[in-house]
Every structure is written in C-alpha cells, then in structure tokens.
Amino acid sequence: MLPNLAYLVEQIGKERGIPKELIIETLEEAMLKAAQKKYGADGDIEAHFNEEIGEVELFQFKTVVKEVTDPELEIEEQEALQLDPDAMEGDDIGIKLDNQEFGRIAAQVAKQVIIQRVRAAERENVYNDYKDRKGELIAGTVRRVERGNLIVDLGRTEAILLAKDQSPRETYRPHDRILAYVVDVSKTTRGPQIVLSRTDIGLLIKLFEMEVPEISEGIVQIVNASRDPGSRSKIAVMSKDQDVDPVGACVGMKGTRVQNIVQELRGEKIDIVPYSEDPVRYVCAALQPAQVSSVLIDEEEHQMEITVPDDQLSLAIGKRGLNVRLASQLSGWKIDIQSESKVEKMAEVARHTFQLMDGVDAELADTLTKLGFLTLEDIVRADLDDLSIIPGLNATLAEEMVKKADDLYERIKDDPTLNMTIEDPSRTRNQKPAKMMTIQPPSAREDDGSDLMRIKGMDEDVAIRLQEAGYYTLMDLAGAAFEAQDFADKFEVSLRKARNILHSVKQKTGAEDEQEPESVEESAPTDEQTENVAEAAEEGSEAETE
616 MLPNLAYLVE QIGKERGIPK ELIIETLEEA MLKAAQKKYG ADGDIEAHFN
666 EEIGEVELFQ FKTVVKEVTD PELEIEEQEA LQLDPDAMEG DDIGIKLDNQ
716 EFGRIAAQVA KQVIIQRVRA AERENVYNDY KDRKGELIAG TVRRVERGNL
766 IVDLGRTEAI LLAKDQSPRE TYRPHDRILA YVVDVSKTTR GPQIVLSRTD
816 IGLLIKLFEM EVPEISEGIV QIVNASRDPG SRSKIAVMSK DQDVDPVGAC
866 VGMKGTRVQN IVQELRGEKI DIVPYSEDPV RYVCAALQPA QVSSVLIDEE
916 EHQMEITVPD DQLSLAIGKR GLNVRLASQL SGWKIDIQSE SKVEKMAEVA
966 RHTFQLMDGV DAELADTLTK LGFLTLEDIV RADLDDLSII PGLNATLAEE
1016 MVKKADDLYE RIKDDPTLNM TIEDPSRTRN QKPAKMMTIQ PPSAREDDGS
1066 DLMRIKGMDE DVAIRLQEAG YYTLMDLAGA AFEAQDFADK FEVSLRKARN
1116 ILHSVKQKTG AEDEQEPESV EESAPTDEQT ENVAEAAEEG SEAETE
C-alpha cells in the first residue's frame, strides 16, 4: 500500500470536496475486490482502514475445527492457537492477509474502483451544488464551440449554451467571459448537465433584480415582461411604496442602471412600463413611445381596438409588428391598431350603412359610430342594455335595431354583388366621378392582400408590411398620399421601387393630379415603366370617352 494513506485521504477530501468517510469506504471496497480477485469470491474476507498506520488491512475469517475439510473456510485448532491463544473449536478467527501480494492486476482493479467512486462522488457533489441554482444568473468562460453550441467553463464543471438559446446579435469566442441564465440542471450518465440561455425572459428579470436594489428589497415589483432577444424588451413594474417611482428606480440616475443592462444585452432596447390596474392605461403605456387617440374594449374576446394618429401608426406597430406584439404579450390583451384616417373612413361607411336601416337617421348613425359601432356585426353582437341607453333608443328600439342590422348583414353576406353607392368626400375634381364601394361584412374587413398585389412592382413581403401598418387596399394607399422617399424608408424598399408602386397606385385609383408624374428613373424607361405609361394613356382615353 502507498505510505501516508491517511494523509492522502485528508488531502483528496479537501481538494475534491468529498467526505472523508466516503473515501475510506471506497478504499476498503477497492481492496476487498482486489483480495477477492486473488483469493476467490468464496472466502470470507473483510477490509478495514487503520487510521493509526494509514493502511487498509485485510482479514480472512476461518472457522476453528479439529480436522480441516475446506482450507478456504476452516483452520485447524492447533494452528489457530498459535494466532490466538484463546481460540476454541467453532470460533471464527481473522487471519491478516499480506496486501502486498496482490500483484499488478489486483492493484489495477483497486485503482479503477477508487477512480470510479471518486468521480461519481464528484458528480453528485456538483449536481447538489448547482441543482438549486436553476433560475439564477451564472458567470463563466467560453471553453469551446461545438456545432454552434457554446461549452462554458463554470470552474468545477462545464455548462452548455445551445445555439437556439443564443441572442442573434451576440458572438462569443473561446476565453470570452459570459453571463447567462440557468434554464435546467439534470443528471446524465456523463454527469450533471447544466443548460444555459441568453434569450430567456428570466435573464432580463434577473439583470433588473441585480442592478436595481429596490427590486431585490421588494419595494419595486416586476409584474410581467416580454422580450424579442437582440431587438427589444418591455418590462412592467409597480411600486409598493407611494414615495418610490418604479420607472425612475429602474432607470437610475442619468439612466445608469438601465444602461448597464442594455450593455449586457448588447444594445437591446428596453422599455420600462408603469403597471396599472386599469387595462386601458396599462395597454397605452405598453405601446409607448406611440401616442394613443382612443381605445375600444371587447371584454368577451379580451381584445382592444386602438386608434392612433396617422403619423404614429408605424411607431405603434413597430418594425415587422414588434412593438404591438411585445405590448400584447406584456398586457395579455389582443391588440388591433388602426390609424385615425382609416377609422374615419370606416366610420363614414358605417354612417351610410346604418342609415339604410329604418328608423336610423344621420344623428343616430353618427352617435353609433362615435361609440365604436363601425360595422353591422358590432350592432348584432352588442348587448341590448348598452344599446338601450344610447340617446334616441330604448329597450324596444334597441331590440328592433339589432334585428334590422342582422337582416341587412345577412343580405350582404348572401348576396356579395349587392353594392351600395356612397360618395367619397376625399375625391378631387380631376378624379373619376362616383365610386362604387361594397360594404363588406366584418369578417371580410381585412383584405387578404390580393388587392395590393394588383399594384405594379408589389411583392408579397411589401404587401405584408403594408397590411401590418393598416393598409389593406388600393384606396388605403391612395388616401395616405405617401411621398416616394417616406414610403421607401417606412416599408424598407428602394426609392425606385417606391416610385413605381406609388405611380401605379395613382393610375389604378385615378388619383393623378394635374402635375406631371414624378420621374421614375432618370435614364431610359424600363419595360415596367413603359407598361405603366401605356396603361395610364389607355385609362385617360377611356375617361375622355366617358
């Protein structure tokens, strides 16, 4: 055996964090297996660690008999008396074995058992250390990259940061420091597996808890959070102390606290929203920095229809709908955003439609639209109690109005060719006279984009961006009166493509003014431009004939 074994036991226990008793038990088991390898498994052999001499002693126990029939289990009485003068027939006597006689193979077996038991004990200790750290932040060093996954050195063990849990804005190289959120800690055959994340919403929350003392002390509470990793985050906070401003506490002096979090998230934008028990106030705050003009609530559908100024529409929706999507996740409400001009157009159509019902005059139709009834289906689905308190109505008239609205709605739904002529107040002198507009049922209000695809130069990606911004038809685009540069910047297209699209919209809607059309290209016209000019000339000839 190795000298100073007692000292080695103490040293291994301190370095590896393994209990001394476990190491001794492992040594005894290893030596016992080595002895059984040499003397056979049938022998009654025991191993005991002697701390005084620092050695694992092996004893083979045999029964004292007068005549030996099995040398492995029995010993003659005369021989036993030499070992123990008090030995008697039938006693079990322990014979100390020479552990130096095991040889190379036996020693190797003992070594393997010790290594296995020590590794298993280390794995168990590592798992016990990290199992309670699930849901916390942990710092480490990137060790290597394997198939896009990061292997992070935590000191005592390694963790993995999967490619899907990495922020798209971030890149790491070996030896880089990294702060991540512990998603899961589990046992595997190779030891504990620690899974990290840089995209989990918990990372954002824990960073605020770490940077803002008022949150860790419980004065300021994080109510909810939503996040698009690498792009934008929103976090709703409230204060339990009236003297503490929750937003100001999270922002910090000159924005130092929130800036530290932004830097850690590699420039991800963060909106801090004050929580309110009033859902309308809460949703309006969640849509910041956009300003809200009006809100209509549908409690049954848990939905809000938000109206914003025309110049705030793109800001409220955000790039590819990011702002409104995060606001919806933060508040838990479905949010539908419309521009003021679009709502006014819908209200104008609704006023004309409502007056087609007997007993509804212009004043009552205007009152209905101001209260948020913009379609026939809104009236059909309305609560009679809500309708009956409208000036000019009572319970009986409200019930009759619902029936009339339902009849008119069914007529339109059953006969799509049923058109109702209304005058477009935005029409100018040089536009085509008297447009025919179809009052569609609410289920068909949002166009599938086929109308937009009639525009020269339009593609599916641009059509989707237009619909996200609230422009579903040719008339929507014509009424917006975009400049080419504004259109290009807002919908992320080239200036040339923006000019082609707007020029085609003017042609198809008859919205050309008396000025010369803006040049699409300084050089020779393209085939598409030639087609546009020919189509404009053809439409002009038809207008003159009429």
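Residues 616 to 1161 in this note's numbering are what the sequence shown lists, from first letter to last. For each residue, glycine too, the CB sits at the ideal point set by N, CA and C.
Exercise. How about V859 and I834: do their beta carbons lie closer than 7 Å?
Worked result: In the sequence shown, the residue the question calls residue 859 occupies position 244. In the sequence shown, the residue the question calls residue 834 occupies position 219. Yes; because the gap between Cβ atoms is below 7 Å, this pair is in contact.
Problem set entry | Three-state class that DSSP yields for E625 in the structure shown | Numbered from 1 along the sequence shown, position 10 holds the residue referred to as residue 625. Helix at E625.
Problem set entry | Collapsed DSSP secondary structure at T684 in the structure displayed | What you label residue 684 is simply residue 69 of the sequence shown in a count that begins at 1. It is coil, neither helix nor strand.
Problem set entry | Assumed close pair R813, S782 - CB separation to whole angstroms, cut-off 8 Å | One-based indexing of the sequence shown puts residue 813 at position 198. One-based indexing of the sequence shown puts residue 782 at position 167. The Cβ separation is near 5 Å, so the contact holds.
Exercise. How is the beta strand (DSSP E) around V923 delimited, first residue to last?
Worked result: Position 308 of the sequence shown holds residue 923. Its beta strand (DSSP E) spans residues 918-923.
Exercise. Between which two residues does the beta strand (DSSP E) containing M853 stretch?
Worked result: Residue mapping note: residue 853 aligns to position 238 of the sequence shown, counting from 1. That run of the beta strand (DSSP E) goes 847-854.
Exercise. Expressed to the nearest angstrom, what Euclidean distance is found between the alpha-carbon atoms of L1067 and V1108?
Worked result: Working through the sequence shown from its first residue, we reach residue 1067 at position 452. Working through the sequence shown from its first residue, we reach residue 1108 at position 493. Computed Cα separation, rounded: 16 Å.
For this session: Could you please give me the residues that DSSP links to V671 through a beta bridge?
Result: Stepping through the sequence shown from its first residue, residue 671 is reached at position 56. Paired residues: F664.
For this session: Note down, one range per segment and in chain order, each alpha helix (DSSP H) of at least 4 residues found wholly within the region 967-1044.
Result: 977-985, 991-995, 999-1003, 1010-1029
For this session: Flag this pair as yes or no: are the beta carbons of R662 and E640 separated by less than 7 Å?
Result: Residue numbering aside, residue 662 sits at position 47 when the sequence shown is read from its first letter. Residue numbering aside, residue 640 sits at position 25 when the sequence shown is read from its first letter. Arg is not the amino acid found at residue 662; the sequence shown has Ala there. No, the pair does not count as a contact, with Cβ atoms beyond the cut-off.
Problem set entry | CA nearest to the CA of K960, picked from Y1087, V877, L752, E689 | Reading the sequence shown from its first residue, position 345 is the one you call residue 960. Minimum Cα distance to K960 is reached at Y1087.
Problem set entry | Segment contact, 8 Å Cβ cut-off, at least three pairs: the region 800-820 with the region 770-789 | yes
For this session: Leaving aside the five residues before and after A931 along the sequence, list all residues of the same chain whose C-beta is less than 6 Å from its C-beta, in chain order.
Result: Start at 1 with the first residue of the sequence shown, and residue 931 comes out as number 316. Closer than 6 Å at Cβ, skipping near neighbours: L902, A905, V923, I952.
Exercise. Considering only residues of the region 740-777, which uninterrupted beta strand (DSSP E) runs meet the minimum length of 3 residues and lie entirely inside it, listed in chain order?
Worked result: 752-761, 764-768, 773-776
For this session: Return the Cβ separation of L776 and M825 in integer angstroms, given the expectation that the two are a contact with Cβ distance under 8 Å.
Result: Taking the sequence shown and counting its residues from 1, one reaches residue 776 at position 161. Taking the sequence shown and counting its residues from 1, one reaches residue 825 at position 210. The Cβ separation is near 19 Å, so there is no contact.
For this session: Give a yes or no on contact between the region 972-986 and the region 934-941, applying the rule of three or more CB pairs nearer than 8 Å.
Result: no
Problem set entry | Pick from D886, R872, L945, Q970 that is closest to P894, judged by C-alpha positions | As a working note, residue 894 is residue 279 in the sequence shown. With distances taken between Cα atoms, P894 lies closest to L945.
Exercise. Is the region 1068-1077 close to the region 1108-1124, with three or more CB pairs under 8 Å?
Worked result: yes
For this session: Examine the Cβ distances between the region 705-712 and the region 676-687 and report whether three or more of them are shorter than 8 Å.
Result: yes
Exercise. Taking Cβ to Cβ, would you say I887 is nearer than 7 Å to V862?
Worked result: Position 272 of the sequence shown, counted from the start, is the residue given in the question as residue 887. Position 247 of the sequence shown, counted from the start, is the residue given in the question as residue 862. Cβ distance < 7 Å, so I887 and V862 count as in contact.
Exercise. Hey, quick one: how far does the alpha helix (DSSP H) through S831 stretch, first residue to last?
Worked result: Translated into positions along the sequence shown, residue 831 becomes position 216. Per DSSP, S831 belongs to the alpha helix (DSSP H) from 828-831.
Exercise. By Cβ distance, which residues of its chain are closer than 6 Å to D699, with the 5 residues on each side in sequence left out?
Worked result: By one-based count along the sequence shown, residue 699 stands at place 84. Around D699: I708.
For this session: Could you tell me if E630 is buried or exposed, where buried requires 16 or more neighbouring beta carbons within 10 angstroms of its beta carbon?
Result: One-based indexing of the sequence shown puts residue 630 at position 15. That one is exposed.
Problem set entry | Endpoints, beta strand (DSSP E) assigned at G709 | By one-based count along the sequence shown, residue 709 stands at place 94. Unbroken beta strand (DSSP E) run through G709: 707-712.
For this session: On the DSSP bridge assignment, give the partners of E689 in chain order.
Result: The count along the sequence shown starts at 1 and reaches residue 689 at position 74. Answer by DSSP bridge pairing, in chain order: T678.
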